[in-house]
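First the structure, in the form of structure tokens, and then the observations on it.
2 protein chains.
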Amino acid sequence: MKNYLPITRWGQRYTPAVFADDALAAMIVTIMLIPQSLAYALIAGLPPEVGLYASILPLIAYAIFGTSNTLAVGPVAVVSLMTAAAIGRITETGSADYIAAAATLAFLSGLILLALGVLRMGFLANFLSHPIIAGFITASGILIAASQLKHMFGVTASGHTLIEILQSLISEISSVNLTTLMIGALSIVFLLGARSYLAKLLTGLGVPEKISTPISKAGPLLAVIGTTVAVAWLGLDARGVSIVGEIPSGLPSPGLPEFDVALWRQLAGPALLIAIIGYVESVSVAQTLAAKRRERIDLNQELIGLGAANLAAGTSGGFPITGGFSRSVVNFDAGARTPAAGGFAALGIALTALYLTPLLYYLPKATLAATIIVAVLSLVNVGVIKRTWRYSKSDFAAMMITIAGVFVFGVEIGVISGVALSIILLLYRSSKPHYAIVGQVPGTEHFRNILRHDVTTSPTAASIRIDGNLFFANARFLEDHVLGLAADQPDVKHIVFMCSAINEIDASALESLEAINERLKHAGVTFHLSEVKGPVMDRLQRSHFLGALTGRVFLSEFEAMHTLDPETFPAPNGAPSHSTAKPPKTAG
Amino acid sequence: MKNYLPITRWGQRYTPAVFADDALAAMIVTIMLIPQSLAYALIAGLPPEVGLYASILPLIAYAIFGTSNTLAVGPVAVVSLMTAAAIGRITETGSADYIAAAATLAFLSGLILLALGVLRMGFLANFLSHPIIAGFITASGILIAASQLKHMFGVTASGHTLIEILQSLISEISSVNLTTLMIGALSIVFLLGARSYLAKLLTGLGVPEKISTPISKAGPLLAVIGTTVAVAWLGLDARGVSIVGEIPSGLPSPGLPEFDVALWRQLAGPALLIAIIGYVESVSVAQTLAAKRRERIDLNQELIGLGAANLAAGTSGGFPITGGFSRSVVNFDAGARTPAAGGFAALGIALTALYLTPLLYYLPKATLAATIIVAVLSLVNVGVIKRTWRYSKSDFAAMMITIAGVFVFGVEIGVISGVALSIILLLYRSSKPHYAIVGQVPGTEHFRNILRHDVTTSPTAASIRIDGNLFFANARFLEDHVLGLAADQPDVKHIVFMCSAINEIDASALESLEAINERLKHAGVTFHLSEVKGPVMDRLQRSHFLGALTGRVFLSEFEAMHTLDPETFPAPNGAPSHSTAKPPKTAG
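In the order they appear, the protein sequences are chains A and B. For reference, each letter of the first sequence is one residue, going 744 to 1331 in our numbering. For reference, each letter of the second sequence is one residue, going 744 to 1331 in our numbering.
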């Protein structure tokens, strides 16, 4: 039970000192989260209050069920883009159905994550190769930046691919609103300046770090305040500057999303993709930060934590969320010590939703777009593209296909092609385990790779070793190479399959061993095993294979080769045979 | 070029003797194929002539591009069922749109197979685990048999899942046509009898094998002839026996399927599934038969051969086809020696389509259903279910989930869940490579697994060996275990990562190595490598990793451990250090 409720562990030793650290971190995160939650709702095509709602209950749910002390969950750019792509296909942006579908999508993602967590499938985080994730995130960042240009220019444009978006923008270029463009451009300049120089400036002015740090992270909030005041004061909304307008104040009313079979079916695929991408992104951030403090996160419990957070988003009028990179780093740097920090940030957002929304009436959308563009450009990682190009052309190709997929076909096809490529790469690599034809190290009982050691081999008795478990993905490889050994050495009478590195043989590989034995029999070659581990042997004894085996099962490789060709493989130095090997263990 | 046209290889040494063998085999296969092609069209919900069309050009295409000498391609039961499931969702069974969609589906499958072949992705055949395929085939066989019961009972029933089909049948039970049921039941008894006893009977009567073999395979054709004559003679169609009716005679008119974006999009997923399942099934049959005669098939060229055959089916009014098990075995036993045998069988079917279709007017559908039921029941393999249960509970569970998926949700969800399970299993197994903490075999320079050998270890210098290539699926495993080694041994100062079994490190694993190095540095542990192979070293030198590495790269494991803790790991017997290892090769 305690495993499923990490809060019971850290909650017991919660002290006022920890509380002070958590509360300070929460304050800084809240300052970042207010503009980000509004902006990411904009990416998802949702009203701003939905962004706030997605930053309250989900944070509390993660604080209860999550295992990272520093992960800051909430709306993030890439998942918001994926949300827009998923729901944009189904219903009209901004309609009541659209908002309901976003909550349903979060709910479904939560269910999927929770199910994977209960089934202990945290190993799925291994699934996507790093270059593919990096390519996907980079391309999504550029796509998101492009999608926000319309708000910067004050035009209406649409599209889910880079080409569609740019075409749409170009056709609207004549109706650019210059006042809007000015606000957006100034915001970008201010945000970039604040990020690079504000902290230095404040420290230079002698402001203590405890105060300068939160202020330096408040760039987006300051831009929001500044431009909102300017628009209200100068009446710029009358000059065509698009503003956020009335945001209903108050907290979301909780409730289960409607169970609409057709809608659930349409959203199941996107929910799965969002769950995978969100989980992989979040776990990478959480692990990086945990390692810095020698803390541990639990991969399976993270599925449950993120699942609970998304269920909370789905039942409180939110949209899909996950752990975000920039906010988590800030949370970490600000000294958050337990998941409670996230809970306190939720409190900050709840207060905002209750009392501060009227102040956001005149907030120009161009400012939000500017904060998005500045934020996502940090997702664009050219360094990793260069490094991958230098290190591995095949990884680079996979990365480029993913990037091209996002640009040309949009974020969904992009991520699907990334996933498909990962599977193909996985299959390709798994189908080629390391193997060695082995021979005797002269004067010893050791058998090593003939390509790497000066060893003795026999024309009549050959031996192959496969370094890894045998399972369906490499079963055919096994057949090819063992039968190939017989084909390459026409005089061979015995083949010994050395099993020293094999801990498991699945049913597919067992069938392959049976096929190899059968085919070698037709070719007049006997098939032997050596150094089979105890548990593997126990399972083989439950099959027909050992009964059909034409040869024998030898305890050691030396014993096998010495028995099959004593002239080529004499006992070392004429001494009686001995071995350093412990006797194989048997299960039970 | 010759690689893509295997016909140029065997065609050159084609002799009259080979022709005689091929022609005889073709005759026997044709006798089987006539009723089967009509019956499998029935499974797919298509008019009988479509079955004939799918058995002409595709066979010729495979004869030109395929590499198996004995594979008999054409309509097969499982792929026909998948076709029905795919198109049944889109349009009404039997309509002109339905027929066009079937051809489009074949065309798309062909394109996919061809693309995979050109990209040399034959390794995809490794993809599905054997128990999952066996479960899928078994469940499909039962589902097909159930779907044919309506023709046996002479009622109308529908459904794509076992439950739907059985419910539908039960609700129609009162309108069973007894004459139809009689024809169907007699056909089944005759077919089962013919299969078991006809060959023995004929041999017992002294009929030479050359004649008795074709006749013994003609059971279905004899049933077709017998019941057709009976229906025509006795006028049973007037008593409610459903007959095939008029089959247009003549050959299909070739033509590209219409390019309808919406239709192609709907069919893309099913076409991919059909391509995968068809390929895996076909390759299994082809490899089994090739091994018996010590022939080889080319996995990549098989993709092209089956792709060409499906393109031919799609452009000549057919439907998706692949290599079938029973016909291929018959072709093999009958002595087919080259792919030309398939071409000759195509000629037989073409003649049938031109001249014999009027004779099939009175053919009762119940007879076709009976031939299907008898044929598919041989797909049901209870033995493999039992064997898998005994050998591996996890493989058994995957098999059962696939079977349940087919029964409860139909063939498409069944195969998707099978594929998904295979991927999850693959990921799970790939994420856990074999590894060993190693220590020194006393008195030698060898380092072996501490769990399996009595070896010497040091409290300050630990070493781990991973037996397999490092790539994204096991990158996290690597991090966990190397860092775990540091966590478990608080006094450890040096960790040596022994790379003797590593042939490749992908970009994801490189990132993990960088992370490990970084994190160990924070913990005051230096990180070393040993026995890095030449090509791996060359690539590492193109990265930043070696520059950041806190420790050294040692040529041998002994050199590493001896350098880091000379007291624990002295040179053997005080002699100067030497090694049997060849110096690592460097590329270029």
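Every residue, glycine too, gets a C-beta built ideally from N, C-alpha and C. Here the structure is a predicted model, which means the values were calculated and not measured.
Neighbour list for residue i in chain A, Cβ cutoff strictly below 8 angstroms
| i | result |
| --- | --- |
| E1254 of chain B | H873 |
| Y1344 of chain B | As displayed, chain B neither begins before 744 nor continues past 1331, which places residue 1344 of chain B out of reach and without an answer. |
| H1189 of chain B | H1189 |
| T1131 of chain B | A1250 |
Contact belief for residue i with residue j at Cβ below 8 angstroms, rounded distance in angstroms
| i | j | result |
| --- | --- | --- |
| A1141 of chain A | L1168 of chain A | 6 angstroms |
| Y1104 of chain B | I1020 of chain B | With 8 angstroms as the limit, Y1104 of chain B and I1020 of chain B do not qualify as a contact, their Cβ atoms being about 34 angstroms apart. |
| T1199 of chain B | P1185 of chain B | 6 angstroms |
| V1149 of chain B | S883 of chain B | 6 angstroms |
| L1213 of chain A | L1226 of chain A | About 15 angstroms separates the two Cβ atoms, so there is no contact after all. |
| I786 of chain A | A827 of chain A | 6 angstroms |
| I1207 of chain B | L1228 of chain B | 6 angstroms |
| Y805 of chain B | P1082 of chain B | 7 angstroms |
| L886 of chain A | G1161 of chain A | About 14 angstroms separates the two Cβ atoms, so there is no contact after all. |
Three-way DSSP call (helix, strand, coil) for residue i in this model
| i | result |
| --- | --- |
| D1003 of chain B | coil |
| K1328 of chain A | Low confidence applies here, because K1328 of chain A scores a pLDDT of 42, under 50, leaving its location unreliable; read the following figure in that light. Here K1328 of chain A sits in coil by DSSP. |
| A1314 of chain B | coil |
| P1319 of chain A | With a pLDDT of 47 at P1319 of chain A, under the threshold of 50, the modelled position of that residue is not reliable, and no figure is offered here. |
| T1199 of chain B | strand |
| L848 of chain B | helix |
| N869 of chain A | helix |
| V1296 of chain A | strand |
| I986 of chain A | strand |
| N1192 of chain A | strand |
| I1040 of chain A | coil |
| H903 of chain A | coil |
| A763 of chain A | helix |
| Y783 of chain B | helix |
| E952 of chain B | helix |
| V1354 of chain B | Only positions 744 to 1331 of chain B appear in this structure, which leaves residue 1354 of chain B out of reach. |
| S959 of chain B | helix |
| A966 of chain A | helix |
Contact list for residue i against chain B, beta-carbon separation under 7 angstroms
| i | result |
| --- | --- |
| I1166 of chain A | I1166 |
| F1214 of chain A | R1172 |
| G978 of chain A | Result: empty, since nearest Cβ-Cβ is about 49 angstroms, beyond 7 angstroms. |
| D1138 of chain A | D1249, A1250 |
Continuous beta strand (DSSP E) stretch holding residue i: start and end
| i | result |
| --- | --- |
| Y1178 of chain A | 1177–1183 |
| I1209 of chain B | 1204–1210 |
| A815 of chain B | 815–817 |
| V1239 of chain B | 1237–1241 |
Listed by chain order, chain B residues near residue i by CB distance under 8 angstroms
| i | result |
| --- | --- |
| L1170 of chain A | F866, L867, N869, F870, L1169 |
| N1246 of chain A | H1177 |
Within chain A, the residues that residue i reaches when beta carbons sit closer than 7 angstroms
| i | result |
| --- | --- |
| R863 of chain B | Ordered by position in chain A, no residue passes the 7 angstroms Cβ test against R863 of chain B, which lies about 10 angstroms from the chain. |
| S1174 of chain B | F866, N869 |
| G1211 of chain B | P1176, H1177, D1210, G1211 |
Start and end residues, alpha helix (DSSP H) containing residue i
| i | result |
| --- | --- |
| N1260 of chain B | 1250–1265 |
| R1219 of chain B | 1215–1231 |
| R1172 of chain A | 1154–1173 |
| Y757 of chain A | No alpha helix (DSSP H) holds Y757 of chain A; DSSP gives it neither H nor E. |
| S823 of chain A | 820–831 |
| T923 of chain A | 921–936 |
Partners in chain B for residue i, counting only beta-carbon separations shorter than 9 angstroms
| i | result |
| --- | --- |
| R1219 of chain A | F866, A868, N869, Q1030, L1042 |
Discussion item. Just to confirm the assignment: which complete beta strand (DSSP E) runs, minimum length 3, are found wholly within the stretch 1045–1118 of chain B?
Written reply: 1065–1067
Practice prompt. Mind listing, in chain order, the continuous alpha helix (DSSP H) runs of no fewer than 4 residues lying wholly within the stretch 1263–1287 of chain B?
Written response: 1277–1283
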